Amino acid sequence: MSTERALSRAALYAARPTLLLDGRRSPLADELLLSAQANEQREGPAWAELRFANVSRSSERGIGWAFETEEESPIGLGMALVLSMGDESDPREIFRGTVSGLEAVFGPEHPPELIVLAEDPLQKARMKRRTRTHSETTLGDLVESLAAEMGLRARVSHLDHPVGTQVQINETDLGFLRRLLERHDAWMRVSGGELHAAPWGEGEGSGEEITLELHSQLKRVRLLADLAHQVSTISYSGWDAAQGEAIRVESDGSLPLGPGSGRTGRQILEEAFGPRTEHAGAFLARDEREARALVQAVHLDRARRFVLVEGCTQGHPDLRVGSRVRIVGVGPRFENTYTVTRTCHRFDPQNGYETDFEAEGAYFGG
């Protein structure tokens, strides 16, 4: 018996997207929407693309432009956009952001079209470069401070470890935040006006597991177990200027590898090819504590990407970055639980509402 959760209480349901433009529904935009997609990734930001027919008919003026008259158009640059998907009777918010681009498309094979491009609030963090120093702080405090500057509430989990003094040199807030979170094996995303951040495999993404079964809700999937980038250890050497001594550390891969079960890439690598050590020469650490955190994060990032998944499901609004998804019906070696790293929720009249996703896992059943 399938353990998948039903996507709607109704046997049949309409899944046409729901739009709010500056907080209001627009019957014209609802009627002329041709397709929509919202994209989300582990390092942020999220973005959306909506395609509309740009021709409409009215009894007063006949056939004419739908969105090209400023007084009548419900869509303009700088407008707030909320996109919800799923069952029309109970849609789930997928994207919230601001319209940042408008594109007109013309061709002989279709009527004029308008493409609307929007970005989530992390867009503000990439618009300005700064040079400044963040003195003796924790990663969580840094995230909260940057979130406040973007007008967002911070929802931070398990990022209370100190990171010392951090220098931002001619760097955008988004680039700075991405660099720090990657260095400490953490993720972020914006949802409902909040900036969520947590260590990879912890926090919000560790909630209820989603089951997807092949030839049921899961339409198609590719899974790859690849030893090419797996290692036994990551090493680092450097110099602690404050203490006047050399730094030499190696990772041990002992931190949690995320969901799933089976053998790790490290275990299979050593059985098949023998131990392999890689040196983290492209990074700088100021002391042994920071160096040890660095090699652990680099090692864990590789270990968790041992098995990679690309799939397409029936539209699933609960499938978000950080979600845990169990893939079943794909054979015992790949049937496992993975962590979602990227999603694309999309709708068009031909395929309806579908969700493309990418996921990763540290374990292989073979």
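For what it's worth, our numbering labels the leading residue of the sequence shown as 1, then goes sequentially.
Cβ coordinates follow ideal geometry from the N, Cα and C atoms, glycine included.
These numbers come from a predicted model, not from an experiment.
Those runs of the alpha helix (DSSP H) which lie wholly inside the stretch 225-276 and span at least 4 residues: Fully enclosed alpha helix (DSSP H) runs of 4 or longer: 265-272.
Other residues of its chain near I169: CB distance less than 8 Å, five sequence neighbours each side excluded: Locating residue 169 in the sequence shown gives position 169, where the first residue counts as 1. T131.
Reference E270, options A228, V249, L214, closest by Cα: The residue labelled residue 270 in the question sits at position 270 within the sequence shown. Nearest option by C-alpha distance: A228.
Backbone CA spacing between V143 and R276 [nearest angstrom]: As a working note, residue 143 is residue 143 in the sequence shown. As a working note, residue 276 is residue 276 in the sequence shown. Cα atoms of V143 and R276: separation of roughly 35 Å, rounded to the nearest angstrom.
Nearest-angstrom Cα separation, counted from L174 out to A303: Position 303 of the sequence shown holds residue 303. Position 174 of the sequence shown holds residue 174. One C-alpha to the other measures close to 26 Å.
Beta-carbon gap between I234 and E288 smaller than 9 Å: On the sequence shown, position 234 is the one that residue 234 refers to. On the sequence shown, position 288 is the one that residue 288 refers to. For I234 and E288, no; Cβs fall outside 9 Å.
Straight-line Cα distance separating R292 from E245: Along the sequence shown, one-based indexing puts residue 245 at 245. Along the sequence shown, one-based indexing puts residue 292 at 292. Taking the straight line joining both Cα atoms gives about 15 Å.
Assigned secondary structure, K124 (DSSP; H/G/I helix, E/B strand, else coil): Counting from 1 along the sequence shown, the entry for residue 124 is found at position 124. K124: helix per DSSP, three-state reduction.
Ordered list of alpha helix (DSSP H) runs contained in the stretch 119-191, each at least 4 residues: Entirely contained in the stretch 119-191, the alpha helix (DSSP H) runs reaching 4 residues are, in chain order, 139-149, 173-183.
Option nearest N54 by Cα separation, candidates E60, T69, R333, R42: By 1-based counting over the sequence shown, the position of residue 54 is 54. It is T69.
CB-CB length for G86 against A15, believed under 8 Å: Indexing the sequence shown from 1 puts residue 86 at position 86. Indexing the sequence shown from 1 puts residue 15 at position 15. 6 Å between Cβ atoms; contact.
Residue range of the alpha helix (DSSP H) that includes V55: On the sequence shown, residue 55 is found 55 positions in, with the first residue counted as 1. Here V55 belongs to no alpha helix (DSSP H); instead the beta strand (DSSP E) covers 55-58.
Per-residue DSSP class, three states only, for V298: Position 298 of the sequence shown, counting from 1, holds the residue named residue 298. Three-state result, V298: helix.
The stretch 326-340 in contact with the stretch 208-217 per 3-pair CB rule at 8 Å: Yes, the stretch 326-340 touches the stretch 208-217.
DSSP beta-bridge partners of I210: As a position in the sequence shown, residue 210 is number 210, starting the count at 1. V325.
Candidates N351, T337, A359: closest to T343 by CA position: By 1-based counting over the sequence shown, the position of residue 343 is 343. Comparing alpha carbon positions, the residue from N351, T337, A359 closest to T343 is A359.
Contact the stretch 112-125 vs the stretch 37-50: 3+ CB pairs below 8 Å: The stretch 112-125 makes contact with the stretch 37-50, as at least three CB pairs between them are under 8 Å.
Beta-carbon proximity check, G258 vs A362, cutoff 9 Å: In the sequence shown, residue 258 corresponds to position 258, counting from 1. In the sequence shown, residue 362 corresponds to position 362, counting from 1. Yes, the pair counts as a contact, with Cβ atoms nearer than the cut-off.
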